[in-house]
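Engineer: Protein sequences appear in the order of chains G and W.
Here the first sequence is numbered in this note's numbering, starting from 4 and rising by one per residue.
Here the second sequence is numbered in this note's numbering, starting from 861 and rising by one per residue.
Got a structure here, written out as structure tokens. Questions coming.
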Amino acid sequence: MGDIIRKGELKIRGWRKALWLLGLITVLFFFVFPVFWLLLTSLRPASEVFYVHAGKSFTLENFVKAFHSPRFTEAMINSVVLATLATVSSILITLQSGYLLGRFRNRFRNTWFAFIYVMRTIPYITWGLPLYLITQGLSIYDTYASVLFPHLAVHVAFFSLIMKGFFENITASSEEAALIDGCSYWGVFFKVAVPQVLPGIFALSLICWLWTWNELLFAMLLTSANTPLLTVTIVQFINEIGMDWNLMAASAVIALFPAIVITIFGQRYITKGLYM
Amino acid sequence: MKPIIEDERELLLRQELEIGRKKTLADKRRYMWGLVLPAFLILFIFEVFPVSLAFWTSLHKVTLYSVAKPFVGFQNYINLLTDSHFFKTVIPNTFLFTFVGLVAETCLGVGIALLLNRRFRGESLVTTLLLFPMMVAPSISAVLFAWLFNSQFGIVGVAFESIGLPRIAWLAGRWTSMLVIIISDIWLWTPWFAILILAALKVQSPSPVEAARIDGAKNWQVFFYVTLPYLSPVLTICMLIRTFDLFRQFDQTWVITTGGPARSTEFFSIFAYKEFFEYTNYSNGNAAALLGGLVMLLFGVIMYRTFARLIGGERVKN
């Protein structure tokens, strides 16, 4: 009975171990290579971009060029501002709605859950198209507001459910104690409940920020020349600069930068935030 | 797995009796409304209202240059469903992509999770590398794969040539373009499956597996009769969430093919977008987007009724 599996310590030797290693290497290659290739392309001078694999020289010129494009830097700043605004507001909003979902067991809570769930099923394009006309009607088209609020709507439907999990995983006893001591409902919420889920909030903020930074469809639908956003600008580059894949790669690497930083430094927190 | 929280954790409901008159039922109702009000307003103004407007538009003939918006009933929907491009290309594309993507991501995700479910050196590095694609923007992942599969200069072509295979113009054909889009989606989302399933595997109790082995079960039997049933709640949730997102996928297709060549890789999102902006046929675009939305809504409701407890929306017992 030597080969009974004990948790996580399966002993494998010989060809099975070799097979396992081969599998691991294949998986890693598939997930790492595309990014590695983009990085390499972004470091090649324009003359070598069509044979990246055979090139020999490296240059930072592509990045310098990208940063010298005024539209690109403007788009980057806009994306940072938008992502930050969206994160702050949607965390506040979803905390409350998640608290209701996580702490209450009654008809009101179940109705709210069903409502959020239904909102979650509706594809973005279905409400994105009319929003194009609505934001123009409200004359907020092509401003931060036009794209911020739809993002918040997306976040409410997603993150309330994650927040719900955070609150379900902590005990309610201290909140009950505070209530009995005469604390108000809102006092309990802000002073007792919220501080207990701060690590989760932090993880979710990182994810929320990246989501907004990464989003393309609403940005395409609801912004234009006055408020260019990064993803849209990069996608337009493809059509405009066509063959300049080295510049393309450099701007894509810049767009990836926050993702790289957050993966490396926020990994510990993020894995928690993914359980939904 | 997370323990299912039972009603004893319910807060603020029992309290009313104990605290007495100070906090009345009306106070609690006001509190609950206060908690959801901002979220409700945002969802209502920026999601419910637009969808209603889309519905109104889809029942009228609205185009960019005409002032009159005559009521046409379901004519737009009939036009759409009799449009052979929409019916024979767009709808099959959408369902095919959703199905193939879902199956591939689930299977690969389970496979990778099983592969990683043991202790080895460099475990945390591997997790970090696996976590990374999830943080990448779909549009950027599309850029990655558009470049890898570039017909003239892509490294995939170079690799194919070096082992004696013909160079393929990937993005010039319908099915090869589709394949590139699916691969980019697999790259982006398989890690999500893998990491969530791996987390579930790590807290799996070893005793059922051991018992099965002592009874002489083979590896595949252990997997199909013990591990898979254990994983089914996680898998159900993951697959459900992915179905919504695969169905509405827009970013990758837009960047890799913009629905081309010759509109052959259009999904319903792309089709609706193009009808709306390129052909400024607002009614048709909205009708297509609503049809897609209706499909997902029905699917979602059926799933909700089947898996209410699992999803987390316990229904009220009367």
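Beta carbons: idealized from backbone N, C-alpha and C, even for Gly.
Would you kindly check if the distance between the Cβ of ALA1019(W) and the Cβ of VAL1040(W) is under 9 Å?
Structural biologist: Their beta carbons are not under 9 Å apart, which means VAL1040(W) does not touch ALA1019(W) by this criterion.
Engineer: If distances are taken between C-alpha atoms only, which option among VAL1063(W), GLY894(W), LEU1056(W) and PHE959(W) comes closest to LEU1106(W)?
Structural biologist: For the residues VAL1063(W), GLY894(W), LEU1056(W) and PHE959(W), the minimum Cα distance to LEU1106(W) belongs to PHE959(W).
Engineer: Shortest alpha-carbon distance to LEU46(G) belongs to which of ILE263(G), VAL121(G) and ALA252(G)?
Structural biologist: Selected option, being the one with the closest Cα: ALA252(G).
Engineer: What is the DSSP secondary structure of PHE931(W), reduced to helix, strand or coil?
Structural biologist: Strand, per DSSP.
Engineer: Distance check for ILE1116(W) and ILE1043(W), CA to CA, integer angstroms please.
Structural biologist: Their backbone Cα atoms lie some 11 Å apart in a straight line.
Engineer: Hey, how far is the Cα of LEU901(W) from the Cα of TRP893(W)?
Structural biologist: Distance between the alpha carbons of LEU901(W) and TRP893(W) is about 11 Å.
Engineer: With 9 Å set as the bound, which would you pick, yes or no: does the beta-carbon of ILE1023(W) sit closer than that to a beta-carbon of chain G?
Structural biologist: Chain G, which has no Cβ nearer than 9 Å to the Cβ of ILE1023(W), makes this no.
Engineer: Kindly say whether GLN99(G), judged by its beta-carbon, lies nearer than 9 Å to any beta-carbon of chain W.
Structural biologist: GLN99(G) counts as touching chain W.
Engineer: The ligand COA and LEU224(G): does the residue's C-beta get closer than 8 Å to at least one heavy atom of that ligand?
Structural biologist: You won't find the ligand COA in this model; it holds no ligand whatsoever.
Engineer: Checking 9 Å against the spacing of the C-beta atoms, do PHE909(W) and LEU919(W) come in under that value?
Structural biologist: Cβ atoms of PHE909(W) and LEU919(W): not closer than 9 Å.
Engineer: With DSSP run on the structure shown, which of helix, strand or coil describes ARG881(W)?
Structural biologist: Its pLDDT being 47, under 50, ARG881(W) is placed unreliably in this model, and the value from its coordinates should be taken loosely. In the structure shown, ARG881(W) sits in coil (DSSP, three-state: anything other than H, G, I, E or B).
Engineer: Mind checking if ASN1199(W) is an interface residue toward chain G, Cβ cutoff 9 Å exclusive?
Structural biologist: With chain W covering only 861 through 1178, there is no way to say anything about residue 1199(W).
Engineer: Residues of chain G with a CB under 9 Å from the CB of TYR937(W): which are they?
Structural biologist: By Cβ distance, chain G contributes nothing, its closest Cβ being about 14 Å from TYR937(W), past 9 Å.
Engineer: Note down, in chain order, each residue of its chain lying with its Cβ closer than 8 Å to the Cβ of MET1099(W), except the 5 sequence neighbours on either side.
Structural biologist: So the qualifying residues of the chain are LEU962 and THR966.
Engineer: Can you pull out the residues from the stretch 157-186 of chain G whose beta carbon lies closer than 8 Å to at least one beta carbon of chain W?
Structural biologist: Here the close residues are VAL159, ALA160, SER163, LEU164, LYS167, GLY168, GLU171, ASN172, THR174, ALA175, GLU178, GLU179, LEU182, ILE183 and GLY185.
Engineer: Is there at least one Cβ from chain G nearer than 9 Å to ASP943(W)'s Cβ?
Structural biologist: No, because no Cβ of chain G sits closer than 9 Å to the Cβ of ASP943(W).
Engineer: Closer than 7 Å by beta-carbon distance: list the chain W residues that pair up with GLN270(G), in chain order.
Structural biologist: What GLN270(G) touches in chain W: THR988 and LEU991.
Engineer: Mind checking who HIS920(W) pairs with in its DSSP beta bridge?
Structural biologist: Its beta-bridge partners are PHE931(W).
Engineer: Which runs of the alpha helix (DSSP H) spanning at least 4 residues fall entirely within the stretch 84-170 of chain G, listed in chain order?
Structural biologist: Taking only runs of at least 4 residues, the alpha helix (DSSP H) segments lying wholly in the stretch 84-170 of chain G are 110-124 and 127-140.
Engineer: Please name the residue in PHE1167(W), VAL1155(W), MET1156(W) and ALA1149(W) whose C-alpha comes closest to that of TRP130(G).
Structural biologist: Nearest option by C-alpha distance: ALA1149(W).
Engineer: Can you tell me which of PRO1066(W), ILE972(W) and ALA1168(W) puts its alpha carbon nearest to the alpha carbon of LEU27(G)?
Structural biologist: Out of PRO1066(W), ILE972(W) and ALA1168(W), ILE972(W) has the C-alpha closest to the C-alpha of LEU27(G).
Engineer: Using a Cβ-Cβ distance cut-off of 9 Å, determine whether PRO231(G) contacts chain A.
Structural biologist: The displayed structure is made up of protein chains G and W, and chain A is not among them.
Engineer: Given a cut-off of 9 Å, decide if GLY101(G) and PHE169(G) are closer than it, judged by their beta-carbon atoms.
Structural biologist: Yes; because the gap between Cβ atoms is below 9 Å, this pair is in contact.
Engineer: Using a Cβ-Cβ cut-off of 8 Å (strictly less than) and excluding sequence neighbours within five positions of ARG978(W), which residues of its own chain qualify?
Structural biologist: Cβ within range, chain order: n/a, list empty.
Engineer: Do you know offhand how far THR236(G)'s Cα is from ASN936(W)'s?
Structural biologist: If you take the alpha carbons of THR236(G) and ASN936(W), they lie about 34 Å apart.
Engineer: Could you tell me the boundaries of the alpha helix (DSSP H) in which ASN1079(W) lies?
Structural biologist: ASN1079(W) -> alpha helix (DSSP H) spans 1079-1082.
Engineer: Can you give me the start and stop residues for the alpha helix (DSSP H) that LYS1134(W) sits inside?
Structural biologist: It spans 1128-1137 - the alpha helix (DSSP H) in which LYS1134(W) sits, taken as one unbroken run.
Engineer: Given LYS10(G), which residues of its chain have a CB within under 7 Å of its CB, disregarding the five upstream and five downstream residues?
Structural biologist: With a pLDDT of 44 at LYS10(G), under the threshold of 50, the predicted position of this residue should be treated as unreliable, though the coordinate-derived value follows. Same-chain partners within the cutoff: there are none.
Engineer: Quick check on DSSP: helix, strand or coil for GLY1119(W)?
Structural biologist: Three-state DSSP puts GLY1119(W) in coil, outside helix and strand.
Engineer: Taking THR988(W) and GLN270(G) to be in contact with their CB atoms under 8 Å, please state how far apart those CB atoms are, rounded to whole angstroms.
Structural biologist: Indeed they touch by this definition, with Cβ atoms about 5 Å apart.
Engineer: Kindly indicate if chain W contains any beta-carbon less than 9 Å away from that of TRP23(G).
Structural biologist: Taking Cβ atoms only, chain W reaches closer than 9 Å to TRP23(G), which makes this a yes.
Engineer: Helix, strand or coil, according to DSSP, for VAL264(G) in the structure here?
Structural biologist: In the structure shown, VAL264(G) sits in a helix (DSSP, three-state: H, G or I).
Engineer: Does the beta carbon of GLU218(G) come closer than 9 Å to any beta carbon on chain W?
Structural biologist: True, the Cβ-Cβ gap to chain W drops below 9 Å.
Engineer: Answer with buried or exposed for ALA262(G), where buried requires no fewer than 16 other C-beta atoms within 10 angstroms of its C-beta.
Structural biologist: The residue is buried, with at least 16 neighbouring Cβ atoms inside 10 Å.
Engineer: Could you check whether the Cβ of SER1092(W) sits closer than 9 Å to any Cβ belonging to chain G?
Structural biologist: No, SER1092(W) does not count as interfacial toward chain G.
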